[in-house]
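Here's the structure, in structure tokens; my notes come after.
Chains as they are written, first to last, in the UniProt record's numbering: chain A, 1 to 263; chain B, 1 to 229.
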């Protein structure tokens, strides 16, 4: 049924080339968006936990705003609204960026900052899950606030939250599809284009679905691999140590962060 | 750029309001259908029914692995064909974008709710089942009167958080050219050219509704935490 993908398109390529180019954009967007999200997310997440009230309020505000506006609306704000609000010369310069970069960069910023708000909440949860003794021990050793975070808190917190970051990784590659609304020809957009060109809707969407499934599997396995590699020795998986009843109850507690994200 | 003129939004408000009502209706229907169906899917997996249990697992995994926009495209294409076969004529029955949206969101959210409930079911203490057995309750009565009420109660904050995300996701029906809140704003923006004002205003509306709802859920979570053993 996938034979149609090898047929010639009107522009001299094969349909599978369209699909691959779409996959390329999806992966590029997800990859670079992830690093923006991770860096901003860690900074904001730390900001949520510090004593300084102004910083904490700003970080909270960031999370509230970016988490409570639909990602599609944010996409439109970056793509349509931002160039209008900037000074005319700069705004026009942005509008002149040739396609596909004119859609790619707003999508990148949008997905990066949107996902950052979610990662920030995970980082905060990770930091708050650490025993108080860690901070107390660090200050007993005379470490400054910065060094306490740099060498004690953040490394441990990041290692703790890797399992729950899996759903963020899966979330960002799925959200790349939203970029089709501002004209980026990523995987879903290409699948739709193939379906419109060939009327083989089943094949076109089926191929895209298989690719997304493969990506989900890779993301899941990759994160599991990283988790095993950097897990804090001795903490282990909750499953290994605790009796079944507590384990399940605990899993339910960890659900809100792990579940609510992935679309 | 020209100065912002928000009076245009006042004129547009009735149309935006009808869009918002559609978004809320879609959220409500998807919530009810998704929760009922999701509970069913969770129970099928919980009982480890042969064959159908595996199928349901596959369905849930599939829904959670592909983007909602692609799911919307799939259903827009598939539902008429399936209905055609069910109707016996074999010819596709066009149902339009609105029905597609309601069906898709109901079925899609069912997968997410079922995951929440499935984990909730596993968290119920064994003693609850044993006590039901000792009281000679039937399996149906056990789940209806003892197990499910507890699961729904424990999982309610998570279910509600998921529903807030569902509300935000309804904006994706934009790809089916429907007139939800975002769709209304974008159609007006094309007519009057004031897209900056339109998109800013609906962003604020989404923000206000979602953060008010999240605060509510946080409150609920806090109150519930006290009642807990």
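Each residue gets a CB set at the ideal place from its N, CA and C atoms; glycine is no exception.
Asked, Found
"Just to confirm, are residue 108 of chain A and residue 32 of chain A a CB contact at a threshold of 8 Å?", "yes"
"Look up residue 200 of chain A in the DSSP assignment and say whether it is helix, strand or coil.", "coil"
"In chain order, what residues of the same chain have a beta carbon less than 6 Å from the beta carbon of residue 120 of chain A, not counting five sequence neighbours either side?", "41, 44, 45, 63"
"So with CB distances below 8 Å, who are the chain B contacts of residue 65 of chain A?", "207"
"Using three-state DSSP, classify residue 231 of chain A as helix, strand or coil.", "coil"
"How do the segment 144-158 of chain B and the segment 3-10 of chain B stand: do at least 3 beta-carbon pairs fall below 8 Å, yes or no?", "no"
"Residues of chain B with a CB under 7 Å from the CB of residue 95 of chain A: which are they?", "What residue 95 of chain A touches in chain B: nothing, since even the nearest Cβ is about 11 Å away."
"For residue 8 of chain A, write down the residues that DSSP places opposite it in a beta bridge.", "A:14"
"What did DSSP end up calling residue 52 of chain A once you bin it into helix, strand or coil?", "coil"
"Using a Cβ distance threshold of 8 Å, determine whether the segment 128-135 of chain B contacts the segment 100-107 of chain B, with at least three qualifying pairs required.", "no"
"Within the chosen definition, does the segment 160-178 of chain A reach the segment 118-137 of chain A through at least 3 CB pairs nearer than 8 Å?", "yes"
"List the residues of chain B that residue 132 of chain A touches, going by C-beta distances under 9 Å, in chain order.", "Within chain B, no residue comes near residue 132 of chain A; the closest Cβ sits about 19 Å away, beyond 9 Å."
"At which residues does the alpha helix (DSSP H) containing residue 63 of chain B begin and terminate?", "52-65"
"Establish whether the CB of residue 31 of chain A and some CB of chain B are separated by less than 8 Å.", "no"
"State yes or no: is the beta carbon of residue 48 of chain A nearer than 8 Å to at least one beta carbon in chain B?", "no"
"Got a sec, what are the start and stop residues for the alpha helix (DSSP H) residue 96 of chain A sits in?", "Here residue 96 of chain A belongs to no alpha helix (DSSP H), and DSSP marks it neither H nor E."
"Quick one: list the residues of chain B neighbouring residue 144 of chain A, beta-carbon separation under 7 Å, in chain order.", "Near residue 144 of chain A there are no residues of chain B at all, since even the closest Cβ is about 33 Å away, more than 7 Å."
"Going by the beta-carbon positions, is the gap between residue 112 of chain A and residue 30 of chain A smaller than 8 Å?", "no"
"Using the three-state DSSP reduction, which class does residue 180 of chain B fall into: helix, strand or coil?", "coil"
"Which of the three DSSP states is assigned to residue 49 of chain B in this structure?", "coil"
"Compare the C-alpha of residue 45 of chain B against each of B:170, B:75, B:22, B:111 and name the closest.", "B:111"
"Mind pulling the beta strand (DSSP E) runs of 3 or more residues that sit fully within the segment 150-180 of chain B?", "none"
"Please report how far the alpha carbon of residue 166 of chain A lies from the alpha carbon of residue 223 of chain A, in whole angstroms.", "6 Å"
"On the three-state DSSP scale, how would you describe residue 80 of chain A?", "helix"
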